[in-house]
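Peer 1:
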């Protein structure tokens, strides 16, 4: 009887990927024939391994063909909508074994929550708040694009640094569905799943760190993720009603959305049917890249929204100083060009060197700015960039600063080559 | 535990001009295991989600324990969606994993322990309660995931294609466990699947849906023996029922040059309906291989399953028929053989246009 060959859909058909032993079940992929890498993942429904091929790292997951195809399609949709999610790289059907392998590209510069919190001081609420904001923000982004996650948890998320905030990335879409819009019930259900899973994830980690006395605090914080989500959702979907003469309030609404990082696509004011003098405001919100787009327009830099917010602040401070020095107004574009040359380029390199080139140079500069601000606030005067650089280099910085999270970027060792196949 | 009633319940998706679920009416008894089955787009998952509060009930009503659920948030319906949330936590024991949702709901540690132990007993997990999830097999982890729902003691379990994520072996094993577990717990359960084998083997009753409309709600045996229309007839059973549109003669129905005889009462019904042709249905096990009489067919494929064989054939008129036979006496590919209706074989007659059952 003829054995059916594997069926491929690879989006990066590179030699290294094609050479993998797709004709064998994933459970039989072993070193040294397969360049597996050792990345710790929590318990999973399906067997997951990590492979290095053509200079990139790929996650390969064994699962029933129907579910694999569904997850692949969902991830493609998320990519089209430019949502923060792992990118699908391929789907290989293995009819001989009645299974399939889903291939995704490992997100560079991202890490699991365990990696971060194992290295930070164990009881630091500000760091946890950043994590919870990232989770709530991700769920809002998915929901407003009609994506029901179904299994939102810390273990199914990766995190990357973005200025003083964290960016969360969906990495498991096994239970996800894309709808035109989500009902309130679907959103609430997803939110309940998230709260329970986030609470359990944090409590589990506290156990690992021998800090189980934190359990009640962690549960309470996780429950507040619901409020973080609702606040953001309301800000995006509120439809305030006001008098025609009060239409200046539109500007306030737009400013609030911009502050949250959202660009505004369209504003509509509709008369309320039974109150002709009353207008209902509806704002169509675009991507959460308001500051990033502005910075890109001014400097050409393509950075995260959290980074752009900090850098724009620095640029404006520089512009004000420039105006004082030259004694007249300097337009924003000119100031931006000079700021890149005189400030950003040299100091991002200094900052990056100070933290031994871990992470990116632009993030290192954001960290430098934060440290300078925190030290200045403590000292009651501007301590200057050089002192902040020295503090950054010696890691004598406030324990609750976002810059402390750079610790996650420092690998204990390169991803180890898996020497034994120890999958459960 | 509670009875569930769908009363002309409808759901329409935003931007669509078709009802995802169209006037669904079901009476599900307290403690019953009901399966919603149908092809993709049939509305089965939507119907379940309306019950769970994840989709709006745009028209009609759904009651749980006699209480109308229209406008009631999902979390206040006392239902559990089983399996959707699989996450297991490596540093916590099986007992802690199972009882954590109760802790979030403020249940005392003594009560939690009791509920977890009770659930573990039902799930055969007692000896693993103090172990970490990494030490469990795939099947045991599935049971822990079930345990997380069970400890909440909900009125209703909702399961939306819960086995689709599992490999074939674990799927069969878990299917049996779910059915047995539901019978031990007696919790009203609504289960969605596209797999008619799952539906037939698990449900006390099965609701077959198509294009958002209920086709039939009956026990597995009734669905098999007396399908309400040609869609149900073709959907339930593997291999599927032979369904062919055939001309009616004075003695029966005509296949090529041969006639398959029908009972007098059937012929009278067809005559009374003024039909010249009928959608004729007969299950593969109701057709016998014979040396004489019947319909002459050519064998296209023989599927030998060891205990039985299915012979795929075509008649001269192009009509395709599948028959079941003893694998030891099965014909060979391209053989010309004869098929006849089993002496006590049941036939199914459906209206050629509406598909409704006529006999």
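Residue numbers (this note's numbering), protein chains in the order written: chain A, 4 to 427; chain B, 37 to 395. For each residue, glycine too, the CB sits at the ideal point set by N, CA and C.
1) Is the Cβ of residue 201 (chain B) closer than 7 Å to any Cβ of chain A?
2) Would you tell me roughly how many angstroms separate the C-alpha atoms of residue 331 (chain B) and residue 291 (chain B), rounded to the nearest one?
3) Is the distance from the Cβ of residue 393 (chain B) to the Cβ of residue 264 (chain B) below 7 Å?
4) Let's see if you can read the secondary structure: which residues bound the beta strand (DSSP E) around residue 102 (chain A)?
5) Looking at the unbroken alpha helix (DSSP H) that takes in residue 133 (chain B), where does it start and where does it end?
6) Per DSSP, residue 274 (chain A) is paired with what?
7) Rounded C-beta distance between residue 372 (chain A) and residue 317 (chain A)? I'm assuming under 8 Å.
8) So residue 185 (chain B) contacts chain A; which residues on that side make the cut at Cβ distance below 9 Å?
9) Looking at the structure shown, is residue 2 (chain A) part of a helix, part of a strand, or coil, going by DSSP?
10) Would residue 296 (chain A) count as contacting chain B if we go by Cβ distances under 7 Å?
11) Beta strand (DSSP E) containing residue 251 (chain B): first to last residue?
12) In angstroms with no decimal places, state the Cα-to-Cα distance between residue 26 (chain B) and residue 271 (chain B).
13) Tell me whether residue 193 (chain A) is buried or exposed, calling it buried when 16 or more other Cβ atoms sit within 10 Å of its Cβ.
14) Would you identify the three-state DSSP class for residue 44 (chain B), choosing helix, strand or coil?
15) Do three or more CB pairs link the region 382-392 of chain A to the region 42-60 of chain B at distances below 8 Å?
16) Could you please give me the residues that DSSP links to residue 97 (chain B) through a beta bridge?
17) Would you kindly report the start and end of the unbroken beta strand (DSSP E) that includes residue 66 (chain A)?
18) Candidates A:367, A:343, A:50: which alpha carbon is nearest residue 106 (chain A)'s?
19) Of the residues B:294, B:353, B:335, B:261, which one's Cα is nearest the Cα of residue 317 (chain B)?
20) By the three-class DSSP mapping on this structure, what secondary structure does residue 90 (chain A) have?
21) As a quick exercise: from A:44, A:162, A:14, A:65, pick the residue whose alpha carbon is nearest that of residue 25 (chain A).
22) Quick one: using the 10 Å Cβ neighbour count with 16 as the cut-off for buried, is residue 336 (chain B) buried or exposed?
23) Run through chain B and tell me which residues come within less than 9 Å of residue 191 (chain A), C-beta to C-beta.
24) Under a Cβ-count criterion, where at least 16 other Cβ atoms within 10 Å of its own Cβ denotes burial, should residue 68 (chain B) be classed as buried or exposed?
25) Classify residue 171 (chain B): buried if its beta carbon has 16 or more other beta carbons within 10 angstroms, exposed otherwise.
26) Return the residue from the list B:81, B:323, B:214 that minimises the CA-CA distance to residue 297 (chain B).
27) Mind pulling the chain B residues with CB within less than 9 Å of residue 184 (chain A)?
28) Would the region 322-330 of chain A count as touching the region 357-376 of chain A if we require 3 or more Cβ pairs under 8 Å?
29) Listing by chain order, which chain B residues have their CB less than 7 Å from the CB of residue 156 (chain A)?
30) Any C-beta of chain A within less than 7 Å: which residues of the region 129-152 of chain B qualify?
31) Going along the chain, which residues of the region 58-92 of chain A sit with their C-beta nearer than 8 Å to a C-beta in chain B?
32) Should residue 151 (chain A) go down as buried or exposed, given a rule of 16 or more other Cβ atoms within 10 Å for buried?
33) Straight-line CA distance for residue 425 (chain A) to residue 124 (chain B)?
34) Determine the chain B residues that contact residue 102 (chain A) at a beta-carbon separation under 8 Å, and present them in chain order.
35) Which residues, taken in chain order from the region 377-394 of chain A, show a beta carbon closer than 8 Å to some beta carbon of chain B?
36) Ordered along the chain, which non-local residues of its own chain (more than five positions away) have a Cβ less than 7 Å from that of residue 155 (chain A)?
Peer 2: Taking the structure as given:
1) Under the Cβ criterion of 7 Å, residue 201 (chain B) is counted among the residues facing chain A.
2) Each residue's Cα considered, the two are about 7 Å apart.
3) yes
4) Its beta strand (DSSP E) spans residues 102-108.
5) Going by DSSP, residue 133 (chain B) is part of the alpha helix (DSSP H) stretching over 130-140.
6) Bridge partners of residue 274 (chain A) according to DSSP: A:282.
7) Contact between residue 372 (chain A) and residue 317 (chain A) holds, since their C-beta atoms are separated by about 6 Å, short of 8 Å.
8) Neighbours of residue 185 (chain B) on chain A: none; closest Cβ ~12 Å, over 9 Å.
9) Look at the range of chain A in this structure, 4 to 427, and you will see that residue 2 (chain A) is not part of it.
10) no
11) 249-254
12) As shown, chain B starts at 37 and ends at 395. That puts residue 26 (chain B) outside it, with no answer to give.
13) buried
14) strand
15) no
16) Beta-bridge partners assigned by DSSP to residue 97 (chain B): B:43.
17) 59-66
18) A:50
19) B:261
20) coil
21) Checking every option, the nearest Cα to that of residue 25 (chain A) belongs to A:65.
22) exposed
23) 89, 90, 109, 110, 111
24) buried
25) exposed
26) B:323
27) 49, 50, 51
28) no
29) 123
30) 136, 137, 140
31) 66, 67, 69, 70
32) Counting C-beta atoms within 10 angstroms of its own C-beta, residue 151 (chain A) has 16 or more neighbours from the protein chains shown and is therefore classed as buried.
33) The predicted model places residue 425 (chain A) with a pLDDT of 42, which falls under 50 and marks its position as unreliable; any figure quoted below should be read in that light. When rounded, the distance between both Cα atoms is 19 Å.
34) 203
35) none
36) 142, 193, 196, 197, 200
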